[in-house]
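Quick note, the sequence shown lines up with residues 499 to 813 if you use our numbering.
The beta-carbon is built from N, C-alpha and C at its ideal position, and this holds for glycine as well.
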Amino acid sequence: MASEATEKVHVLIIGSGPAGYTAAIYAARANMKPVLYQGIQPGGQLTITTEVENYPGYPEGIQGPEMMVHFEKQAARMGADIRYGLATKVDFNKQPYRVEIDEEKWIEADAVIISTGASAKWLGLESEQRLNGFGVSACAVCDGFFFKGKDVAIVGAGDTAAEEALYLSKLCTTVHMFIRRDQMRASKVMQDRVLNAPNIKVYWNTDTDEILGEKKVEAVRVKNNQTNETQEIPISGFFVAIGHQPNSDIFKGWIDMDETGYIKTIPGTTKTNLEGVFAAGDVQDKNYRQAVTAAGSGCMAALDAERYLTSKGLA
Ligand code: NDP
């Protein structure tokens with residue numbers, strides 16, 4: 499049984515990546531008094547990136563964490579109420595919708611904007627967790643630099659893995675690429691680039707058995723899943739690029755999603771199947787996944803929410 503709501507807000511924004519902060523900027527400027535809960539990783543995925551060169555308006559590029567500080571400051575300056583806290587449960591049974599924060603308090607909101615983003619998937623090995631940050635990474639663009647002139651490995655066979663393998667091949671001596679089937683999922687053009695890169699060594703039908711090293715990554719043990727043959731390959735960095743999963747678990751059963759958990763929105767809008775609940779950014783976008791597209795959809799969510807509230811006489 500849900501505890502009593504302790505606070506009523508007008509517009510609640512869940513998540514603090516480019517989508518959430520942009521929604522907050524627009525909602526605050528439209529006098530919708532948004533309250534934004536930042537979630538477990540304030541600033542979102544960009545806080546684990548280094549240089550961002552493709553966000554318009556920064557001709558010299560900018561560091562991801564710094565850019566997210568700018569987003570937050572701008573939202574705060576417009577009057578958004580930005581709070582540290584994690585949405586842990588929702589009750590979308592009736593309006594106003596209810597969202598539990600940190601398992602301890604409930605917020606009631608006239609409109610909810612979901613911008614909880616997506617997270618990298620991991621293989622699930624004990625060694626992967628233990629050595630995370632000590633040679634294990636899910637972001638080549640963030641961490642590749644640390645392995646300049648060294649040998650590294652990457653697992654995955656989609657466009658992300660291909661892109662990251664190519665990125666690493668420009669920095670590292672050899673990139674060992676482990677592919678679990680006898681073919682790649684990546685687009686043909688990316689496959690060709692990978693297969694033609696002189697220092698990317700592709701291992702087909704290969705699973706990662708264990709990442710080896712006490713305090714930092716020193717090698718990896720892989721197994722050919724056809725022959726069961728294992729081999730140890732000395733490396734300094736191990737990159738996981740096996741896809742992302744949307745952070746949508748708490749909305750399951752309430753909001754329509756696709757089979758992988760991405761929230762479905764009505765094309766051309768940020769509207770979900772529930773009136774007054776909107777979704778923006780990577781939690782509803784598995785195609786583009788860019789800071790600028792997330793920010794754009796955050797803007798759309800705030801405008802959709804404003805129109806919704808006006809139509810209900812709640813603005
Ligand atoms: P994908 O889901 O497309 O690919 C994930 C890859 O990881 C697959 O090859 C999969 O293997 C492999 N994989 C999954 N789990 C494991 C595991 N446990 N062990 C080993 N391998 C595993 O994710 P991406 O992040 O690559 O791409 C997501 C979307 O973004 C795609 O639509 C992609 O096209 C798009 N994208 C486009 C880019 C571009 O156009 N420039 C750049 C990056 C992404 P298997 O094939 O066997 O299932």
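How many angstroms separate the CA atom of Phe749 from the CA atom of Tyr595? On the sequence shown, position 251 is the one that residue 749 refers to. On the sequence shown, position 97 is the one that residue 595 refers to. Near 12 Å, if we compare the C-alpha coordinates of Tyr595 and Phe749.
Could you check the C-alpha separation between Glu757 and Pro744 for me, to the nearest Å? In the sequence shown, counting from the first residue as 1, residue 757 sits at position 259. In the sequence shown, counting from the first residue as 1, residue 744 sits at position 246. Whole-angstrom Cα-Cα distance: 11 Å.
Note down the Cα distance separating Ala521 from Gly622, rounded to an integer number of angstroms. As a position in the sequence shown, residue 521 is number 23, starting the count at 1. As a position in the sequence shown, residue 622 is number 124, starting the count at 1. Going by the C-alpha atoms only, they are around 34 Å apart.
Please confirm whether Val720 and Phe676 have their CB atoms less than 8 Å apart. The residue you call residue 720 lines up with position 222 of the sequence shown. The residue you call residue 676 lines up with position 178 of the sequence shown. Result yes, Cβ atoms of Val720 and Phe676 sit closer than 8 Å.
On the DSSP bridge assignment, give the partners of Arg839 in chain order. What the structure shows of the chain is the stretch from 499 to 813, and residue 839 is not part of that stretch, so it cannot be assessed.
Contact under 8 Å by Cβ, Val781 with Tyr553: Position 283 of the sequence shown holds residue 781. Position 55 of the sequence shown holds residue 553. Going by C-beta atoms, Val781 is not nearer than 8 Å to Tyr553.
Can we count Ala803 as close to the ligand SAH, meaning its CB is less than 7 Å from some heavy atom? No copy of the ligand SAH occurs in the structure displayed; its ligands are the ligand NDP alone.
Taking the CB atoms as reference points, tell me whether Ala585 and Ala526 lie closer together than 8 Å. Mapped onto the sequence shown, residue 585 falls at position 87. Mapped onto the sequence shown, residue 526 falls at position 28. Taking 8 Å as the Cβ cut-off, Ala585 and Ala526 do not qualify as a contacting pair.
Within its chain, find whatever has a CB closer than 7 Å to the CB of Thr504; leave out the 5 residues flanking it on each side and keep chain order. One-based indexing of the sequence shown puts residue 504 at position 6. Taken in chain order, the residues that qualify are Lys603 and Trp604.
Nearest-angstrom Cα distance between Ala500 and Phe590? The residue labelled residue 500 in the question sits at position 2 within the sequence shown. The residue labelled residue 590 in the question sits at position 92 within the sequence shown. With a pLDDT of only 48 at Ala500, under 50, the local geometry of the prediction cannot be trusted, and the value read off the model is given with reservation. Approximately 12 Å, taken between the alpha carbons.
Would Gly513 and Gly583 qualify as a contact pair, given that the criterion is a beta-carbon distance under 8 Å? Here residue 513 refers to the residue found at position 15 when the sequence shown is read from its first residue. Here residue 583 refers to the residue found at position 85 when the sequence shown is read from its first residue. Not a contact, by the Cβ cut-off of 8 Å.
Near Thr545, what residues of its chain come up, given a Cβ to Cβ distance below 8 Å and the 5 sequence neighbours on each side ignored? Numbered from its first residue, the sequence shown carries residue 545 at position 47. Only Gln539, Gly562, Pro563 and Met566 meet the Cβ criterion.
Leaving out the 5 sequence neighbours to the left and right, which residues in its chain are closer than 8 Å to Val550 when beta-carbon positions are compared? Counting from one through the sequence shown, the residue named residue 550 turns up at place 52. Cβ neighbours of Val550 beyond the five flanking positions: Leu544, Tyr556, Gly559, Ile560, Gln561, Gly562, Met565 and Ala789.
Asn785 beta carbon near the ligand NDP (any heavy atom closer than 7 Å): What you label residue 785 is simply residue 287 of the sequence shown in a count that begins at 1. Result yes, Cβ under 7 Å from the ligand NDP.
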